[in-house]
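*Asks:* The structure under discussion is supplied below as structure tokens; questions concerning it will follow.
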Amino acid sequence: MTEKPFGDEATSPEGEAPAAGAEQEQASEEVAPDPVAELEAKVAELTNDLQRKQAEFINYKRRVEDDRVRAVETGKQKVLTELLTVLDDLGRAEEHGELTGGFKAVADQLRGTVGKFDLVSFGEAGEPFDPNLHEAVFHAGEDPNVAVQSIAQVMRTGYRVGDRVLRPAVVGVVDPGAAAEATEQPTTQD
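Taking the UniProt record's numbering, the leading residue of the sequence shown gets 1, the next gets one more, and so forth.
Next up, the structure:
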């Protein structure tokens, strides 16, 4: 009897060598999946990751551009808001005839410059009152010559840039008189 070391299975009990290569082939076929399928799955995963990253980058670029535009608009509005008192002073000086010569040219140039930034003034006597644009500080009673609540007097001009109101116009309002209200209400016939 020959001693056989533990774990040495070079020969079978019948004296034949086992078909170790055949067993390993069977085991490797069961364990190792198709390398092509593995690579295709990896390509699909990486493609999905790439598409996701591209979409994230496009969204990031759009957000950055939106933030940039918003920052420019906010900066423009802040500067224009600071210039409103200067424009008010120029308007008052012009009303009193104190804006002449070189000062008038500078005032006109300043108004032209702020106009390039879409600054628009509003609030004239006779315009219909709009609480979104005007701040009423007094009520001047009724006027039979107006059909709707209107501006009677402007104390301070309002300004806006596009749809955004930088400063509402400060006004006094007048209501339509009894004669105007009677013409507005339709009469019914029975």
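Beta carbons: idealized from backbone N, C-alpha and C, even for Gly. From a predicted model like this one, the values you see are computed outputs, not experimental measurements.
#1: Give every residue of the same chain whose Cβ lies closer than 6 Å to the Cβ of V36, excluding the five residues on either side of it in the sequence, and list them in chain order.
#2: Could you name the residues of the same chain whose beta carbon sits closer than 6 Å to that of L87, not counting the 5 residues immediately before and after it, in chain order?
#3: In whole angstroms, what separates the C-alpha of D89 from that of D118?
#4: Please report the straight-line C-alpha distance between A180 and A147, rounded to a whole angstrom.
#5: Inspect the beta-carbon positions of T157 and G123 and report whether they are closer than 8 Å.
#6: Measuring only the C-alpha atoms, how far is L99 from V114?
#7: Which residues does DSSP pair with E142 in a beta bridge?
#8: Under a three-way DSSP split, which group does D190 fall into?
#9: With G177 and P144 assumed to form a contact (beta carbons below 8 Å), what rounded beta-carbon distance in angstroms separates them?
#10: Classify D49 as buried or exposed, calling it buried when 16 or more other Cβ atoms lie within 10 Å of its own Cβ.
#11: Where does the unbroken alpha helix (DSSP H) through A147 begin, and where does it stop?
#12: My understanding is that V161 touches Q77, with C-beta atoms under 8 Å, so please give their C-beta distance in whole angstroms.
#13: Tell me which residue opens and which closes the alpha helix (DSSP H) that F103 is part of.
#14: Under three-state DSSP, which class holds F122?
#15: Exposed or buried, which one is H134 when buried takes at least 16 other CB atoms within 10 Å?
#16: Within 10 angstroms of its Cβ, does Y60 collect 16 or more other Cβ (buried), or is it exposed?
#17: Is P168 buried or exposed, if buried means 16 or more other CB atoms sit within 10 Å of its CB?
#18: In this structure, does DSSP put residue 201 in helix, strand or coil?
*Replies:* Judging by the given coordinates:
#1: none
#2: none
#3: Approximately 20 Å between the Cα atoms of the pair.
#4: Low local confidence applies: a pLDDT of 49 at A180 is under 50, so the model's placement there is unreliable, and no value is given.
#5: yes
#6: 18 Å
#7: In the DSSP assignment, the residues bridged to E142 are D175.
#8: With a pLDDT of only 44 at D190, under 50, the local geometry of the prediction cannot be trusted, and no value is derived from it.
#9: 3 Å
#10: exposed
#11: Taken as a continuous stretch (DSSP letters only), A147 belongs to no alpha helix (DSSP H), as it is neither H nor E.
#12: 6 Å
#13: 101-116
#14: strand
#15: buried
#16: Under this definition Y60 is an exposed residue.
#17: By the 16-neighbour rule on beta-carbons within 10 angstroms, P168 is buried.
#18: Past the boundaries of the shown model lies residue 201; the chain is included only from 1 to 190, so the question cannot be answered.
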